[in-house]
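Enquirer:
Protein chains in written order, with my numbering: chain B, 1 to 401; chain U, 1001 to 1401.
Here's what the structure looks like:
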């Protein structure tokens, strides 16, 4: 008898019809003689609707109060799913975050799980009850309600799986697994049978929004066997685990990120300390910098170019302009018409040819590379946004994924 | 510095505009230097909408699961009211039933409060925070979520007032107090400045649905000073307390109950034990009997007539028909075209003229009395439903209330 944790996102429970699918999956697992703990998100657009309601009342509500409000969304879907499964003749118990023992820190709206008091969960399972837990939430040590942030239900599911040493944690979504590239962009994209935690983390941070990053980090840390699969189709998904046997496939995926802006500071003095000024200013504004390129000094000055998330672009430029006297650049340029395209694969560190192959593919497609960034399992290039789709296809084809 | 508990019903918080009123009332009380604990119901039709959602999924959900679902309604309104009051510059903390310490028994959907663990409430008040508590809910000793039943938010408010020895418990509604009769029926009805707990209980059970009965019982038991008043108009309401100085007003109110059916058993043997059979049968079906009239035996048989709530009428008649052989009546009659009209007043027990005056008024209005029932502070008559409005007016006028 195994213990399986199954997580269903908002689109999987958005209405009574979709919930039927969920109930079938859950009860089929229970029918095999397994213990099942289900983690649910709020139905469809419930969270957005609640946020809208709050903004009407107060455009700037406190995060504690928002957490108090938003957690009702998961409570409603957990109640409804419980009623549905019970109608099918199963014993099932719904639990909120605090009832399921989720203790978090006090960072409202983005709390981290401190520990799970598993007594209640174990008690329910010992009676062979199916348990339906509200994702995304817990309480802090003052008994105030907290939430784990957007996508936090993935993390809730992995945390339960880790705490109870579950045999598997299944994340059900509306896609049937992790692909080598976004199938809407690259027609030849293939579903992966397996991927390592690190590869999954790189893909997630590059914009392939299948799994919440923190959930993958936690799964890696506690060695939770994750599976990403579809709640609509009954077929195997993608397993995420520590080591995946490298077969012929060198590259696990190609991803792009269009939410990016490039900022260039021209004519910065070629002296120590100026780059520091730029990036400490951005850090103080909590603006994340991604790729950084610094030109070689010439005529006593240099250029510093970097990328940030598009939403942060204007704030970054404004702040830098205010500091122009101190940073002493002669010109600032800002470009949103760029995309970052990346290849990810744990095998590439021992294969120096990967970068060359990627650049060759882009060159043959006549796509100019503005910036390059590499890590052990990833190579990213910054290109003009208009070419991002053809770049993905060219790279995907070149690696024969 | 006083401690005031203020309860606002669903219509008072149904939208952002109505909530503005509520926020004004709460903050005005706080501005006087008082501690304020606010108890809120779910917004407008939220509870009904959630029930409808549940029924779509499962026509017969368990009461535990319904409680788990419905408590989200109060949580949403508490969150929104908190955000609104905070926007006005006040410190305010929202608390769910379990956070506020409500411990109940395990009778889901109609739980009774066992005790309130007041630590958190006292802690918030000691910091001069306004507290917004979700009405209608608590948890049992297994940490399962319970609800107190419809109208239970009144009870939540009184319970907090009792536990913390509040100076006053204000119940805000969409009427401005307790009236001598329903103003929609009796144009000359007057608002009462004060009424006793017992009178309020009689009026409530007679269909004047201003306060939830259990809340009045609890207020009487713990001597909580209640006030019923409007959330829309800024004027004094009606005080409910132990003793009200009887001035010229003998009668506190006239009420009617149209949800009533009269059942007559004709030709029951005039021997001991038959009435017992009838009423033990009804008791076993949990059907409440109100007024009972037994005719004097004649020719060895008698008639038994009684009233029940209209919803129970058919069940009562069916059950009695099944037992005809045992009860031996010759005929059963069932009439829904009746109303019960009552006068209530603590002063009447020492005033034998009250019944006479009431009957005289009805006689002058040509209204026939079918049945009569009296208690120390109440006289009820059963009349034809078509006359209930004119009966109320005739009685109200006669007593010059």
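Backbone N, C-alpha and C fix where the C-beta goes; we use that ideal spot for every residue, glycine too.
What are the boundary residues of the beta strand (DSSP E) that includes residue 387(B)?
Expert: Taken as a continuous stretch (DSSP letters only), residue 387(B) belongs to no beta strand (DSSP E), as it is neither H nor E.
Enquirer: Can you find a CB in chain U that lies within less than 8 Å of the CB of residue 431(B)?
Expert: Nothing in the structure corresponds to residue 431(B), since chain B is present only between 1 and 401.
Enquirer: Grab the span of the alpha helix (DSSP H) containing residue 1085(U) for me, first residue to last.
Expert: For residue 1085(U), the uninterrupted alpha helix (DSSP H) segment begins and ends at 1063-1087.
Enquirer: Against chain U, with Cβ distances strictly below 8 Å, would residue 4(B) count as a contact?
Expert: no
Enquirer: State the Cα-Cα distance for the pair residue 190(B) and residue 345(B), rounded to the nearest angstrom.
Expert: Looking at the two C-alpha atoms, the distance is approximately 14 Å.
Enquirer: Have a look at the DSSP bridge pairing and note the partners of residue 1116(U).
Expert: Partner(s): 1102(U).
Enquirer: Could you check what DSSP says for residue 328(B) in three-state terms: helix, strand or coil?
Expert: coil
Enquirer: May I have the straight-line CA-CA distance separating residue 289(B) from residue 281(B), to the nearest angstrom?
Expert: 11 Å
Enquirer: Between the alpha carbons of residue 251(B) and residue 92(B), how many angstroms are there, rounded?
Expert: Rounded to the nearest whole angstrom, the C-alpha separation of residue 251(B) and residue 92(B) is 43 Å.
Enquirer: Cα-Cα, which of 1277(U), 1286(U) and 1269(U) is closest to residue 1300(U)?
Expert: 1269(U)
Enquirer: Can you tell me the Cβ-Cβ gap for residue 39(B) and residue 94(B), rounded? I've got them flagged as a contact below 8 Å.
Expert: About 12 Å separates the two Cβ atoms, so there is no contact after all.
Enquirer: Going by DSSP, what residue range makes up the alpha helix (DSSP H) through residue 1322(U)?
Expert: 1310-1322
Enquirer: Please return the same chain residues whose Cβ sits closer than 7 Å to the Cβ of residue 329(B), not counting the five positions on each side in sequence.
Expert: 265, 266, 267 and 268
Enquirer: Could you tell me the boundaries of the alpha helix (DSSP H) in which residue 1275(U) lies?
Expert: Secondary structure note for residue 1275(U): its alpha helix (DSSP H) is the uninterrupted segment 1274-1284.
Enquirer: Nearest by alpha-carbon distance to residue 1004(U): which of 1236(U), 1214(U) and 1034(U) is it?
Expert: Closest in C-alpha terms to residue 1004(U), from the list 1236(U), 1214(U) and 1034(U), comes 1034(U).
Enquirer: Going by C-alpha to C-alpha distance, which of 1358(U), 1382(U) and 1129(U) sits closest to residue 1369(U)?
Expert: 1382(U)
Enquirer: Return the CA-CA distance between residue 1416(U) and residue 1389(U), expressed in angstroms with no decimal places.
Expert: Chain U is shown from 1001 up to 1401; residue 1416(U) falls before or after that span and cannot be answered.
Enquirer: Secondary structure at residue 1020(U), three-state DSSP: helix, strand or coil?
Expert: helix
Enquirer: Do residue 160(B) and residue 116(B) have their beta-carbon atoms positioned less than 8 Å apart in this structure?
Expert: yes
Enquirer: Terminal residues of the continuous beta strand (DSSP E) containing residue 35(B)?
Expert: Segment 35-40, the beta strand (DSSP E) holding residue 35(B).
Enquirer: Between the beta-carbon of residue 231(B) and the beta-carbon of residue 22(B), is there less than 8 Å?
Expert: yes
Enquirer: Is the number of C-beta pairs between the stretch 1218-1230 of chain U and the stretch 1308-1318 of chain U that are closer than 8 Å three or more?
Expert: They do not touch, by the three-pair rule.
Enquirer: Could you check where the alpha helix (DSSP H) with residue 256(B) kicks off and where it finishes?
Expert: Here residue 256(B) belongs to no alpha helix (DSSP H); instead the beta strand (DSSP E) covers 253-257.
Enquirer: Step through the CB atoms of chain B and report whether any lies within less than 8 Å of the CB of residue 1056(U).
Expert: yes
Enquirer: What did DSSP end up calling residue 423(B) once you bin it into helix, strand or coil?
Expert: As shown, chain B starts at 1 and ends at 401. That puts residue 423(B) outside it, with no answer to give.
Enquirer: Can you tell me where the beta strand (DSSP E) holding residue 1267(U) begins and where it ends?
Expert: 1260-1269
Enquirer: According to DSSP, simplified to helix, strand and coil, what is residue 1342(U)?
Expert: strand
Enquirer: Over the uninterrupted beta strand (DSSP E) stretch that includes residue 230(B), give me the two end residues.
Expert: 226-230
Enquirer: Quick one: give me the first and last residue of the alpha helix (DSSP H) that residue 1163(U) is part of.
Expert: Taken as a continuous stretch (DSSP letters only), the alpha helix (DSSP H) holding residue 1163(U) covers 1152-1163.
Enquirer: Considering only the alpha carbon of each residue, which of 323(B), 57(B), 60(B) and 70(B) lies closest to residue 150(B)?
Expert: The option with the nearest alpha carbon to residue 150(B) is 70(B).
Enquirer: By the criterion of Cβ-Cβ separation under 7 Å, what are the contact partners of residue 1072(U) in chain B?
Expert: 72, 75 and 76
Enquirer: Any chance the stretch 169-176 of chain B sits against the stretch 2-20 of chain B, with 3 or more Cβ pairs inside 8 Å?
Expert: yes
Enquirer: Please compile the residues from chain U whose C-beta is within a distance smaller than 7 Å of the C-beta of residue 62(B).
Expert: 1086
Enquirer: Under 7 Å Cβ to Cβ from residue 1177(U), same chain only, skipping five residues before and after it: list those, please.
Expert: 1191, 1192, 1228, 1229, 1237 and 1238.
Enquirer: Relative to the alpha-carbon of residue 104(B), which residue among 67(B), 303(B) and 398(B) has its alpha-carbon at the smallest distance?
Expert: 67(B)
Enquirer: Which bits of chain U does residue 392(B) rub up against, with CB to CB less than 8 Å?
Expert: In chain order: nothing, as chain U lies at least about 42 Å away.
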